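Residues in the sequence shown are numbered from 49 upward in steps of one, following the UniProt record's numbering. Yeah, the Cβ is synthetic: ideal placement off N, Cα and C, and Gly gets one too. Computed from a prediction, not measured in an experiment: that's the story for all the values here. Take a look at the structure set out below.
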Amino acid sequence: PYDGPSSSEIFKKRKEFLSPSMFHFYHTPLNVVNGKKQYLFDENGRRFLDAFGGIATVCCGHCHPEVVEAIVNQTKRLQHSTIVYLNHNVAEFAEALASKLPGDLKVVFFTNSGTEANELAMMIARLYTGCHDIVSLRNGYHGNAAGTMGMTAQSNWKFNVVQSGVHHAMNPDPYRGAFGSNGLKYAKDVQDLIDYGTWGHVAGFISEAIQGVGGIVELAPGYLPAVYKSIKKAGGLCIADEVQSGFARTGSHFWGFEAHGVVPDIVTMAKGIGNGIPLGAVVTTPEIAQVLTHRSYFNTFGGNPVCTAAGHAVLKVLEKEKLQENAHVVGSYLIDRLKSLQAKHEIIGDVRGRGLMIGVELVTDRELKTPAKAETMHVMDQMKEMGVLIGKGGFFGNVFRITPPLCFNKEDADFLVDVMDCTMSKM
Ligand code: PMP
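Have a look at this one:
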């Protein structure tokens with residue numbers, strides 16, 4: 049039983065002592081005290097189905113015993129930096145991680161977050177090419193430090209920072225984009241940016257395989273191969289931000305980019321990699337990795353023994369419990385059920401995604417695609433009251449983000465859809 053302070057006491061302290069920029073979901077914010085598998089429990093022991101835990105990094109399920117054991121055992125033994133000493137955890141996890149990547153992507157740099165991973169990837173691309181210009185996608189999210197905030201392209205997440213050398217290309221968004229699902233037409237915009245906005249050479253290109261914060265937006269088919277070709281021709285490196293779409297989430301593949309038939313030069317990852325432990329990584333080729341030998345480069349806690357022990361345990365659990373296969377089977381089933389719900393409720397403008405990375409966009413007018421912002425908040429709140437937690441995102445805040453732990457099952461999918469149906473029917 050929970051004997052900590054009440055929700056209102058916590059909320060009061062949070063308002064007084066924590067950043068005023070912090071936001072929370074729901075009219076009455078939820079106080080989560082325990083987690084197990086795909087469930088969260090509040091201070092009264094009430095159980096909620098967590099269909100948004102993926103965002104908060106949980107891929108194996110909350111408090112997975114094998115991940116917890118790896119963390120606890122290593123914490124009891126040693127927690128330190130691995131900069132100047134050897135430790136088996138960091139080396140073994142790097143080897144295991146490299147084995148999950150295609151081609152020559154074999155050298156791993158560990159960080160503490162996705163932002164740090166993307167900052168490093170950006171710097172590597174600039175050092176390797178000797179160029180400064182980077183192309184990123186409108187509606188993308190890559191982090192909130194100086195460089196990554198520049199690559200992030202949604203005003204909601206940007207401050208007035210100097211955005212040096214970043215060009216934001218048209219988003220190949222099949223639902224709202226100007227060219228619908230024609231990936232090649234959007235790809236032409238990247239070639240135009242190179243031709244008209246730079247001296248013809250660029251440091252690189254970065255994108256998510258499925259935009260997460262942007263509202264689960266899949267890239268139009270054919271887009272990535274064409275863009276990678278343009279970028280390579282301009283001497284740049286292609287960076288895949290797998291912070292949300294990596295680690296088996298998309299079901300059909302271990303990495304999101306694989307569904308597009310491309311092989312990036314640099315892959316960045318975080319969130320799911322540690323099942324809740326702060327960890328990120330940049331993986332690149334031995335040749336590209338050489339650029340960081342020109343000076344000393346280190347990150348005190350990146351790749352520390354405890355976090356890498358957790359990361360290694362995550363890889364083993366994903367494999368042992370066949371969670372990628374589960375994401376594919378349960379995700380496809382959930383997408384089908386949500387599409388049936390779309391046929392019933394006019395407010396559902398679009399259902400999209402892959403595996404257990406699913407978006408449901410709400411509109412008040414299907415023709416005009418008018419964002420149903422207030423309705424999105426209302427449905428989310430009502431679903432929470434009925435025991436289901438989902439996320440939201442997108443530029444207009446009108447897209448449900450369904451990214452549960454990968455142990456989500458068909459009964460959970462049915463419950464989620466039934467609760468959404470019930471809430472929408474009452475509106
Ligand atoms: N890239 C993507 C695609 C993300 O979704 C996020 C976080 N939402 C980041 C990078 C930044 O990761 P972090 O918050 O761990 O710095």
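If only uninterrupted beta strand (DSSP E) runs of at least 3 residues are considered, those enclosed by the stretch 199–269 are 214–217, 252–256. DSSP places G328 inside the beta strand (DSSP E), whose first and last residues are 328–332. Secondary structure note for C286: its beta strand (DSSP E) is the uninterrupted segment 285–289.
With respect to I264, G407 sits close: the two C-beta atoms are nearer than 8 Å. With the criterion CB distance below 6 Å from any heavy atom of the ligand PMP, the matching residues run S161, G162, T163, N166, Y189, H190, G191, E256, G260, V261, D289, V291, Q292, A318 along the chain. A check of alpha carbon separations from L382 across H393, M171, S67, A99 identifies A99 as the nearest. Between A329 and A165, the CB-CB gap stays under 8 Å. Rounded to the nearest whole angstrom, the C-alpha separation of F227 and M428 is 31 Å.
Rounded to whole angstroms, the gap between the alpha carbons of L185 and H216 is 5 Å. In the structure shown, the three-state DSSP call for N92 is coil. With contacts defined as CB atoms closer than 8 Å, I58 and N79 qualify as a contacting pair. The stretch 334–343 makes no contact with the stretch 124–141: fewer than 3 CB pairs, one atom from each, lie closer than 8 Å. Taking the CA atoms as reference points, I450 sits about 24 Å from K364.
Annotation note: the stretch 387–432 contains the following uninterrupted beta strand (DSSP E) runs of length 3 or greater, listed N- to C-terminal: 396–402, 405–413. Counting along the chain, the unbroken alpha helix (DSSP H) around I58 starts and ends at 55–65.
In this structure I279 is in contact with F253, their Cβ atoms being roughly 4 Å apart against a cut-off of 8 Å. For L185, the three-state secondary structure derived from DSSP is strand. Taking all protein chains in view, the Cβ of A422 is surrounded by fewer than 16 other Cβ atoms within 10 Å, so the residue is classified as exposed. Between the stretch 345–355 and the stretch 119–126 there are three or more inter-stretch CB-CB distances shorter than 8 Å, so the stretches are counted as touching. In this structure, L285 lies away from D240, with their beta-carbon atoms at least 8 Å apart.
Contact between the stretch 293–311 and the stretch 173–180 is absent: fewer than three C-beta pairs spanning the two stretches fall below 8 Å. Sixteen is the threshold: when 16 or more other Cβ atoms of the shown chains lie within 10 Å of the Cβ of Y189, as they do, the residue is buried. Following the DSSP letters along the chain, one finds M317 inside the beta strand (DSSP E) bounded by residues 314–317. According to the DSSP assignment, I279 belongs to the alpha helix (DSSP H) that extends over 271–281.
DSSP places N82 in no alpha helix (DSSP H) but in the uninterrupted beta strand (DSSP E) bounded by 80–84. Ranked by Cα distance from N323, the first of S56, I103, K61 is I103. Contact annotation, D398 with E415: C-beta distance approximately 13 Å; criterion of less than 8 Å not satisfied.
Following the DSSP letters along the chain, one finds I321 in no beta strand (DSSP E), marked with neither H nor E. Per DSSP, the continuous alpha helix (DSSP H) segment holding G359 begins and ends at 353–368.
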